[in-house]
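One structure is given here, and the rest of the page talks about it.
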Amino acid sequence: MHAFSWTPDDMVFEAEYNVAGRRLFPWPGVPEPFWGGAWVSVPEGETSTSHNHDENEMFFIFEGTGVMRIGDEERRVSKGDTIFITPFKDHTLTNDTDKPLIFLTIWWGGAEAEAKRAAAEEASA
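Once you know that position 49 of the sequence shown is 1523 in my numbering, the rest is easy, because the numbers rise by one and skip nothing.
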């Protein structure tokens, strides 16, 4: 069995995104999948850096509340919400409270994933 546990102390600040995170991979003893994931915390009173990418992405809000912006759309989000982000859409998440805003993000697709998949298929041929 492979199990993954973390605490807020395990998170590393990622200046590129203005958030603290704990990526799921690499995971010792587990082959790297064609998708990525991370536990993420948006600091109190802060906004993640606006960005976009060629992958699909989902946010699963586990703790706290904030404002999700995708393109020109904004929506209040809180524990239990799931957000789907399509490729190349600018997006940010704002923690407008004095409490933690923690979510799990999963991303898949895009050029990097397709290159990994092609390499795996070639290696097994």
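From the three backbone atoms N, C-alpha and C, an ideal C-beta is built for every residue, glycine too.
| Query | Result |
| --- | --- |
| C-beta atoms of Thr1579 and Ala1477 nearer than 7 Å | no |
| Pairwise C-alpha distance: Thr1568 and Val1551 | 10 Å |
| Nearest candidate by alpha-carbon position, reference Met1475, set Asp1483, Glu1488, Val1504 | Val1504 |
| Residues that DSSP places opposite Arg1497 in a beta bridge | Ala1512 |
| Closest residue to Glu1548 among Thr1566, Thr1560, Glu1595, Phe1536 (Cα-Cα distance) | Thr1566 |
| Phe1487 versus Val1516, Leu1498, Phe1508, Arg1591, residue with shortest Cα-Cα distance | Val1516 |
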